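Novice: Position 108, counted from 1, in the sequence shown is what full-length UniProt numbering calls 108; the numbers after and before it change by one each time, with no gaps.
Here a beta-carbon is modelled for each residue, glycine too, at the ideal position from N, C-alpha and C.
Nothing here was measured: the structure is a model prediction, and the numbers come from that model.
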Amino acid sequence: MLPTPDLSHLTQKDYEHVYEPAEDTFILLDALEKDAGVLQELKPRLCLEVGSGSGCVSAFLGKILGKADALYLCTDINLHATQSTLKTGEQNDVPLNPVLASLTRPLTARLHHAVDILIFNPPYVPTTTIEAVGAQAGRDIQGSWAGGNDGMQVTNELLESVESLLSPQGLFYLVAVKQNNIPKISHHMLERYGLISEVVLQRRAGREHLHILKFMHLWHDSHLLRVV
Numbered sequence: 001m002l003p004t005p006d007l008s009h010l011t012q013k014d015y016e017h018v019y020e021p022a023e024d025t026f027i028l029l030d031a032l033e034k035d036a037g038v039l040q041e042l043k044p045r046l047c048l049e050v051g052s053g054s055g056c057v058s059a060f061l062g063k064i065l066g067k068a069d070a071l072y073l074c075t076d077i078n079l080h081a082t083q084s085t086l087k088t089g090e091q092n093d094v095p096l097n098p099v100l101a102s103l104t105r106p107l108t109a110r111l112h113h114a115v116d117i118l119i120f121n122p123p124y125v126p127t128t129t130i131e132a133v134g135a136q137a138g139r140d141i142q143g144s145w146a147g148g149n150d151g152m153q154v155t156n157e158l159l160e161s162v163e164s165l166l167s168p169q170g171l172f173y174l175v176a177v178k179q180n181n182i183p184k185i186s187h188h189m190l191e192r193y194g195l196i197s198e199v200v201l202q203r204r205a206g207r208e209h210l211h212i213l214k215f216m217h218l219w220h221d222s223h224l225l226r227v228v
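1. Short check: CB of Gln179 to CB of Gly206, under 7 Å?
2. Please list, in chain order, all residues of the same chain as Tyr72 whose beta carbon is under 7 Å from its beta carbon, the five residues on each side excluded.
3. According to DSSP, simplified to helix, strand and coil, what is Ile77?
4. Assign Leu218 to one of three DSSP states: helix, strand, or coil.
5. Please go through the same chain and pick out, in chain order, the residues whose beta-carbon is closer than 8 Å to the beta-carbon of Val162, but skip the five residues on each side of it.
6. Looking only at C-alpha atoms, which of Gln136, His112, Leu166 and Thr85 sits nearest to Leu7?
7. Does DSSP classify Gln202 as helix, strand or coil?
8. Counting along the chain, where does the alpha helix (DSSP H) carrying Val38 start and finish?
9. In three-state terms, what does DSSP make of Tyr72?
10. So, using beta-carbon positions, are Val177 and Leu201 closer together than 7 Å?
11. If you draw a straight line from the alpha carbon of Gln91 to that of Cys56, how long is it in whole angstroms?
12. Taking only the alpha-carbon atoms, compute the straight-line gap between Glu23 and Arg110 and give it to the nearest angstrom.
13. Classify Arg226: buried if its beta carbon has 16 or more other beta carbons within 10 angstroms, exposed otherwise.
14. What are the uninterrupted segments assigned as beta strand (DSSP E) that are 3 or more residues long and contained completely in the segment 163–210, given in chain order?
15. What is the rounded straight-line gap between the Cα of Leu29 and the Cα of Leu158?
16. Report the rounded CA-to-CA distance for Thr104 versus Ser52, giving the unit in angstroms.
17. Do Ile27 and Arg203 come within 7 Å of each other at the CB atom, strictly closer than that value?
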């Protein structure tokens, strides 16, 4: 079992502006570790985490992949988060490259079908649309949890770009909760973009029923999916 990345360089003051790793983070780490063999076999050249926050998840991915010759890109709308991500990479000897950006907007065209591992732990808490828009505009910690209608407002925007970002062998890992309507997400991605999916892990954490979904192209090797 791989240890959680060292975040001792981050202080409580940092966590006033940056999402502190919690149960949704840890189930994502567990899902990536569960898929470690698949990820290593993939031999990724480009990994992209959207909304990297503290940088914990990308640092963990770097430990799974070891000395793999991969580029680790990490976007976040929050300047404090990009700074924390950079420090976390340095603390854990993983070369993370944070980019201050909303989702993948400045990168989407240049990364066309180039991303081998795409990760997103989105703001998934259902809120009003106004609250979600305000949270994204504020570019601070509220943007890490306020998800708008059904908690899908920000996620839906990224889902439009996933197929164009993924390489032919690419994998996309998404954190979702039951209220996000997981069957609807899976059906939408298959019908509109030809991406098949499975639930890698699911776990209850208080009132939340967390799921980690994995998506890939329809023509992908079938042995990488356990349940479609």
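Specialist: Taking the structure as given:
1. Reading the sequence shown from its first residue, position 179 is the one you call residue 179. Reading the sequence shown from its first residue, position 206 is the one you call residue 206. No; because the gap between Cβ atoms is not below 7 Å, this pair is not in contact.
2. Residue mapping note: residue 72 aligns to position 72 of the sequence shown, counting from 1. Around Tyr72: Cys47, Ser58, Gly62, Val94, Pro95, Leu96 and Asn97.
3. Working through the sequence shown from its first residue, we reach residue 77 at position 77. In the structure shown, Ile77 adopts coil according to DSSP, grouped into three states.
4. The residue given as residue 218 occupies position 218 in the sequence shown. Correct three-state label for Leu218: coil.
5. Indexing the sequence shown from 1 puts residue 162 at position 162. Taken in chain order, the residues that qualify are Leu118, Phe172, Met189, Tyr193, Leu195 and Phe215.
6. Taking the sequence shown and counting its residues from 1, the one referred to as residue 7 is at position 7. The candidate whose alpha carbon is nearest that of Leu7 is Thr85.
7. Position 202 of the sequence shown, counted from the first residue, corresponds to residue 202. The answer is strand: DSSP assigns Gln202 an E or B state.
8. As a working note, residue 38 is residue 38 in the sequence shown. Counting along the chain, the alpha helix (DSSP H) containing Val38 begins and ends at Ala36 to Leu42.
9. Here residue 72 is taken as the residue at index 72 of the sequence shown, counted from 1. Strand, per DSSP.
10. Reading the sequence shown from its first residue, position 177 is the one you call residue 177. Reading the sequence shown from its first residue, position 201 is the one you call residue 201. The answer is no: Cβ separation not under 7 Å.
11. In the sequence shown, the residue the question calls residue 91 occupies position 91. In the sequence shown, the residue the question calls residue 56 occupies position 56. So the alpha carbons of these two residues sit roughly 11 Å apart.
12. One-based indexing of the sequence shown puts residue 23 at position 23. One-based indexing of the sequence shown puts residue 110 at position 110. Rounded to the nearest angstrom, the two C-alpha atoms are 33 Å apart.
13. On the sequence shown, residue 226 is found 226 positions in, with the first residue counted as 1. At Arg226 the pLDDT is 48, less than 50, meaning the model places this residue with poor confidence; the figure from the coordinates comes in the next sentence. So Arg226 ends up on the exposed side.
14. You should have 166–177 and 195–205.
15. Within the sequence shown, residue 29 is the residue found at index 29, counting from 1. Within the sequence shown, residue 158 is the residue found at index 158, counting from 1. Counting only the Cα atoms, Leu158 lies some 21 Å from Leu29.
16. Looking up residue 104 in the sequence shown gives position 104. Looking up residue 52 in the sequence shown gives position 52. Roughly 12 Å separates the two Cα atoms.
17. Against the sequence shown, residue 203 aligns to sequence position 203. Against the sequence shown, residue 27 aligns to sequence position 27. Result yes, Cβ atoms of Arg203 and Ile27 sit closer than 7 Å.
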